[in-house]
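Following: one structure in structure tokens, then a few remarks.
Residue numbers (my numbering), protein chains in the order written: chain A, 14 to 249; chain B, 14 to 249; chain C, 14 to 249; chain D, 14 to 249; chain E, 14 to 249; chain F, 14 to 249.
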């Protein structure tokens, strides 16, 4: 990813990004029903590296399987590129863990930018104390073997009803996670920075008591004049 | 709303209010599955002012619609009376936002007492830092245009499976939100204050090791005597 | 329960216990979709004492029923043994409370080790401030009479889709709650302590940058050697 | 059950019975989300005999357990009184069977009046061809051992969110199933017969083109006169 | 509605109409999760006339309310125009009836084209035998008063997550129900007739063993030639 | 697949197969919540050929995409081997179609043994009249482009929470669909035939009034003697 784009995305919200995507006709890029384990971290920004789970079949999911170094879950954790976001398609099923504290720590140490599952993490209290952004539906102490079998690495998947292609740009904030198609990441990032400036201006005006009518959106000429002045004054 | 009633309702819990309503045969006044964005604020008390959403039709919900000052969402935000609670019927659908930080800020600045949706808010981290009580199901970054179209202002609605009529008294605490029919708000408030005194007495007794049998409810004569003494001693 | 077993269980996680149970063929012992009201308390450990709710029939659930000292909810609260965990089968229905602040306080004062429901508690902000671990699905202000009728004490029940027999050992941590069949509690506790030592070793290694391959599980001989040395060095 | 009451209940609908119960303040006696396997049978009427399932624990639910003649599922099938309705509390979970063709056949041969589960039946095509009314949520081929453990016979249970006490009168028609508290069965049956006569009259009138206003309910004097005449003419 | 449009819509499927709407950017016009009570009737076609329900409050929903001739449910049944489709917004809640046999019969006799609810009907076996198309989620014997209060007539509503404006053209077949915005009904109908001709041609070809590649869609020139010939031969 | 195995599987039920799988420790092979469009066809038996859907992204799912002969949905329909069962992983989402009448007809003409989706079919009334077994959750008229994007052919998938590997043996009857791991299909088929013989014997005995105790399972020696005689007499 373009470093400038990454930097831009570190400073905008998922809400703003959703609107920018909406303007381009993309309505379903928000990963539904996941939340940060630690809402006080900076934004999570990186390219998607995916892991796909399918339902577990008991004979293929004994505790012994992890002895296999090629087990897709373990292999993916070791191969996910630094800077990427590790996205797990857990079929929205949080009855068993998508991953636990040790694997998430390993991802963090390897420089991975964050991790998202539409299922749940185990060891969630420990993960919440790590310096890597992690998002899930709810805690899930049971081992993934109970419900999930890792089956594919870095293929297109669904996560929380959002389409995720490897390489898509994934952004998370204290609210949730949004997926930006790779080819439009630069444009979206640039537009989102502009939108954020305007929203910050509006928020400041509204805090000062101004009405939203004519201001948000700026259908009044005066609003546009004021915004131009505000940008200059604030160097944005 | 009677200022005395408001004051009373500032000091009682939604749990107590639900019981008072239950005694009058009302079982479904609690807004199901919403939670405060900031659980540390005082109670939210005000008369319901409602906004009704219907499912969005794409051609009627482009980004341009907000340029219309008569758009019901924007209009409602500017017209909701100070002191009222802004209640949004989002059909329990949190896939897209019911409102965002700027609109909630505007409501706050206009003196609105609080906001409730059975969907979700966007900019939820910002809203959580505002001094206005806000309740939702879960965060939702996508713009409301994706899923919701604001269609009616201040009509009777459902919110979290509770019936809400304009003018009903809405009370929220750190647990959730309850809706009191307008005509019984004074009585309910008075009764709830009485119940709260008794519950505080009971809680104190139980903390001192007393059994709940005969005390809660006070079927033992001694419990009633002790409560009377406690009231006198505590000026309640 | 064996006091040594209790002590062991105070120091291990529900995630580790789930894996130990999984190795013995038990896949469904985790109580799904409950969370601690206060995630900062020590582990909850105790033998299950159960209360079963059925759907409420209106004529049998007026506010008057609590005047009956034999009402199962109140009786159970007074009879649950100190050290036990009070487990409520609320049929996963959180539309009304399973219990409230006064009853939970009474359980705490009576020395009960904790309380779990797959429904919700009322007075949840107050309960969150008590020194007794409590787990539920979500807050529920309405009185239980609206939806639930207490019908049976200390019978086998389901809680969050987990089977719970009276006397089973229930363990809760900041993640959730797991149920250990009584007859295997000692073994599971011992194994979990061993597993925890290994996981702590692994976590430390991973924090120092070591790969999980060959380490977790320890298929490399070196991993086993290092672990042995670590145990000695750390007295575990 | 009073044979006259049974006869009356054979000729009325669950819809009419629900209204009669509603008039007495009972709102939740309809078993939600179950349907007849064969909608062409006569009404099912009988006193409830219940079986309670809890979640299955794997070590207690091997295929061997049915060798135990005291297994509650098998015991209940052999002990359910002729004329009763066999009601199974399956916790609304249809992922595994509540019962199968052989057990339902045995119930039929023993003279049981019908069977209801809020889970599912296996061998549902075969059951649909039997002359015993059976109601479930949806077909479920897996053996009950996968998900359910029979634990209690003839205790109060929930079925499809309705409270069911042993001895309650259970009535099923082509629409669904309703539960009448035992002590009011005679009254409800009598009232339902009266209501059915009126509804038949109204239906006939409406088929002839008459407006429902003033007729249903009969707020016009003429409606009451016409109904009296209709009763006389039709011997009802 | 244009009579030609109505005639066209009588002969096309909801699937074809959904595709025609999709081509115009409308993705959510299908009423989710409703089914016909009688799948053997001709298509249902008419303009939407709506009834909106909100959650019932007990004191406003006693059995007496139907004595009021202005009760919106009864009023709507008497005022719905002949030829219209009666669409009920039941908030997807089928725990209580949206309407019953007598009201549906009255609508039929008044010449109404059909009835749809995203909740359930009571007296569903009787309604299934009437000559009016009716669609619901599942049967619901309890009176609407238990859960629903009729509150608004002929306002924009949601039904099964589809937006429905009064006057929209509603079409039902044996599969389900689709809502066509009024202003595009003529165009959609015309296009759907064309599409149906092509689909019938394709289906015939496929039944004769032809591959779908190049045929569906007709990217092969030969497919278009064959279709032209087929149209001529079949007079379509 | 072994033709003898196929023949055996044509004559046994999914319920019996689930029990045979359960005995081998496989609990989740039943595809949950799908039903046959036509319950009067013979069993569906064939090896799984899979299609995986992911959530649709709007820019990749315009109506034009089907012009591409390599579109996975169309390609899969043309390449699925005769005799196979076409299994679609639709993420249990029935808001849009997994396939329609023309594609299913093409599969039928190509000799495919059946089709299963955990979503829904469009043109379901037409599909129900075809001579190919088809199973889905519920009808879904909207084109798949609305919600689904076909992304992978013949990879391991989940379908109705069951794990499905290409080549697994899929069996459907009037009740539902079960997935047998390829390597155990012969054994399971043979065992199921034996079990079916016994169940037919038991059913016959029960129809004649015999108790299930000692008979089902045959813990009485007499039951085993009688079964042996029955087999001889009935040539099974």
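For each residue, glycine too, the CB sits at the ideal point set by N, CA and C.
Computed from a predicted model, the values in this text were never measured in an experiment.
Check your understanding: According to the neighbour-count rule (16 or more other Cβ atoms, all chains shown, within 10 Å of its Cβ), is residue 81(F) buried or exposed?
Key -> Residue 81(F) sits at position 68 when you count from the first residue of the sixth chain. Classification of residue 81(F): exposed, given that the 10 Å Cβ count is below 16.
Exercise for review: Give the interface partners of residue 171(D) over in chain C, defined as CB-CB distance under 7 Å, in chain order.
Suggested key: Residue numbering aside, residue 171(D) sits at position 158 when the fourth chain is read from its first letter. Residues of chain C passing the Cβ test: 67, 68 and 104.
Exercise for review: Starting from residue 178(B), follow its DSSP beta bridges and name the residues at the other end.
Suggested key: Counting from 1 along the second chain, the entry for residue 178(B) is found at position 165. BP columns for residue 178(B) are empty, so no partner.
Point to revise | Per-residue contacts from residue 198(E) into chain D (C-beta, under 8 Å) | key: If you number the fifth chain from 1, residue 198(E) lands on position 185. Residues of chain D passing the Cβ test: none, with the nearest at roughly 30 Å.
Point to revise | Within-8 Å CB hit, residue 47(B) to chain A | key: The residue labelled residue 47(B) in the question sits at position 34 within the second chain. Judged by the 8 Å Cβ criterion, residue 47(B) is not in contact with chain A.
Review point. Which of the residues in the region 116 to 147 of chain F, read from start to end, lie with their CB under 9 Å from any CB of chain D?
Key: none
Check your understanding: Does residue 154(E) have its Cβ less than 8 Å from a Cβ in chain D?
Key -> Locating residue 154(E) in the fifth chain gives position 141, counting from the first residue. It does; some Cβ of chain D falls within 8 Å.
**Study point:** Nearest neighbour of residue 109(D), chosen from 28(F), 54(F) and 209(F) [CA to CA]
**Key:** On the fourth chain, residue 109(D) is found 96 positions in, with the first residue counted as 1. The option with the nearest alpha carbon to residue 109(D) is 28(F).
Check your understanding: So, is the C-beta of residue 215(E) closer than 8 Å to a C-beta in chain D?
Key -> Numbered from its first residue, the fifth chain carries residue 215(E) at position 202. Taking Cβ atoms only, chain D never reaches closer than 8 Å to residue 215(E), which makes this a no.
Practice item. Compile a chain-ordered list of the residues in the region 17 to 40 of chain D whose CB is closer than 7 Å to at least one CB of chain C. Key: 38, 39 and 40
Review point. Taking the alpha-carbon positions, what's the residue 132(F) to residue 151(F) distance?
Key: Counted from its first residue, the sixth chain places residue 132(F) at position 119. Counted from its first residue, the sixth chain places residue 151(F) at position 138. Each residue's alpha carbon lies about 7 Å from the other.
**Study point:** When 44(B), 116(B) and 72(B) are compared against residue 219(A), the one with the closest alpha-carbon
**Key:** Locating residue 219(A) in the first chain gives position 206, counting from the first residue. Nearest of 44(B), 116(B) and 72(B) to residue 219(A), Cα basis: 116(B).
Review point. Since residue 206(B) contacts residue 65(B) with CB under 8 Å, what's their CB separation in whole angstroms?
Key: Within the second chain, residue 206(B) is the residue found at index 193, counting from 1. Within the second chain, residue 65(B) is the residue found at index 52, counting from 1. No, residue 206(B) and residue 65(B) are not in contact; Cβ-Cβ is about 33 Å, not under 8 Å.
Point to revise | Neighbour flag for residue 239(F) against chain A, beta carbons, 8 Å | key: Looking up residue 239(F) in the sixth chain gives position 226. Chain A contact via Cβ: absent.
**Study point:** Span of the beta strand (DSSP E), counted from its first residue to its last, around residue 162(E)
**Key:** On the fifth chain, residue 162(E) is found 149 positions in, with the first residue counted as 1. Element bounds for residue 162(E): 161 to 166.
Review point. Are the C-beta of residue 85(C) and some C-beta of chain G separated by less than 8 Å?
Key: Given the protein chain composition of this structure (A, B, C, D, E and F), no chain G is represented.
Check your understanding: In chain A, which residues lie with their C-beta within 8 Å of the C-beta of residue 209(C)?
Key -> The count along the third chain starts at 1 and reaches residue 209(C) at position 196. Neighbours of residue 209(C) on chain A: none; closest Cβ ~11 Å, over 8 Å.
Check your understanding: For chain E, is any of its Cβ atoms less than 8 Å away from the one on residue 224(D)?
Key -> Start at 1 with the first residue of the fourth chain, and residue 224(D) comes out as number 211. Residue 224(D) counts as touching chain E.
Check your understanding: If residue 209(D) sits next to residue 69(D), beta carbons under 8 Å apart, how far is it from one beta carbon to the other, in whole angstroms?
Key -> Translated into the one-based positions of the fourth chain, residue 209(D) becomes position 196. Translated into the one-based positions of the fourth chain, residue 69(D) becomes position 56. The pair is not a contact, with the Cβ atoms about 43 Å apart (cut-off 8 Å).
**Study point:** Where residue 22(E) sits in the DSSP three-state scheme
**Key:** Taking the first residue of the fifth chain as position 1, residue 22(E) is located at position 9. If DSSP states are grouped into helix, strand and coil, residue 22(E) belongs with the helices.
Point to revise | residue 99(A) at chain C interface by Cβ criterion, 8 Å | key: Translated into positions along the first chain, residue 99(A) becomes position 86. No, no contact with chain C.
Review point. Helix or strand or just coil, what does DSSP make of residue 125(F)?
Key: The count along the sixth chain starts at 1 and reaches residue 125(F) at position 112. If DSSP states are grouped into helix, strand and coil, residue 125(F) belongs with coil.
Practice item. May I have the straight-line CA-CA distance separating residue 103(A) from residue 192(A), to the nearest angstrom? Key: As a position in the first chain, residue 103(A) is number 90, starting the count at 1. As a position in the first chain, residue 192(A) is number 179, starting the count at 1. Roughly 16 Å between the two C-alpha positions.
Practice item. Name the two residues that bound the continuous beta strand (DSSP E) containing residue 102(A). Key: On the first chain, position 89 is the one that residue 102(A) refers to. Note, residue 102(A): beta strand (DSSP E), 98 to 102.
**Study point:** Same chain, Cβ closer than 6 Å to residue 19(D), five either side skipped, listed in chain order
**Key:** The residue labelled residue 19(D) in the question sits at position 6 within the fourth chain. The answer, listed in chain order, is 58.
Check your understanding: For residue 35(B), which option in 24(C), 77(C) and 49(C) has the closest C-alpha, if you only look at C-alpha atoms?
Key -> Walking along the second chain from the start, residue 35(B) turns up at place 22. Ranking 24(C), 77(C) and 49(C) by Cα distance to residue 35(B) puts 77(C) first.
Point to revise | Exposure of residue 95(D), with buried meaning 16 or more beta-carbon neighbours within 10 Å | key: Position 82 of the fourth chain, counted from the start, is the residue given in the question as residue 95(D). By the 10 Å Cβ count, residue 95(D) comes out exposed.
Exercise for review: Tell me, to the nearest whole angstrom, how far the beta carbon of residue 153(C) is from that of residue 135(C); I am working on the premise that it is less than 8 Å.
Suggested key: Looking up residue 153(C) in the third chain gives position 140. Looking up residue 135(C) in the third chain gives position 122. Confirmed, about 6 Å.
Review point. Taking the alpha-carbon positions, what's the residue 26(F) to residue 41(E) distance?
Key: Indexing the sixth chain from 1 puts residue 26(F) at position 13. Indexing the fifth chain from 1 puts residue 41(E) at position 28. Cα to Cα, the separation comes out at about 39 Å.
Exercise for review: Drop a sphere of 10 angstroms on the beta-carbon of residue 17(A), count the other beta-carbons inside from all chains shown, and report buried for 16 or more, exposed for fewer.
Suggested key: Reading the first chain from its first residue, position 4 is the one you call residue 17(A). That one is exposed.
Practice item. Would you mind working out which of 243(E), 98(E), 241(E) and 14(E) sits nearest residue 167(E), comparing C-alpha positions? Key: Translated into the one-based positions of the fifth chain, residue 167(E) becomes position 154. Closest option to residue 167(E), Cα to Cα, is 98(E).
Check your understanding: With a Cβ-Cβ cutoff of 8 Å, do residue 190(C) and residue 47(C) count as a contact?
Key -> Reading the third chain from its first residue, position 177 is the one you call residue 190(C). Reading the third chain from its first residue, position 34 is the one you call residue 47(C). Their beta carbons are under 8 Å apart, which means residue 190(C) touches residue 47(C) by this criterion.
Review point. Mapping DSSP to helix, strand and coil, what is residue 109(D)?
Key: Within the fourth chain, the letter at position 96 stands for residue 109(D). Three-state DSSP puts residue 109(D) in coil, outside helix and strand.
Review point. Residue 235(E) touches chain B at which residues, Cβ-Cβ below 7 Å?
Key: Counted from its first residue, the fifth chain places residue 235(E) at position 222. In chain order: nothing, as chain B lies at least about 36 Å away.
Point to revise | Close beta carbons around residue 146(E), own chain, < 6 Å, minus the five adjacent residues each side | key: Residue mapping note: residue 146(E) aligns to position 133 of the fifth chain, counting from 1. Answer for residue 146(E): 54, 57, 127 and 185, listed in chain order.
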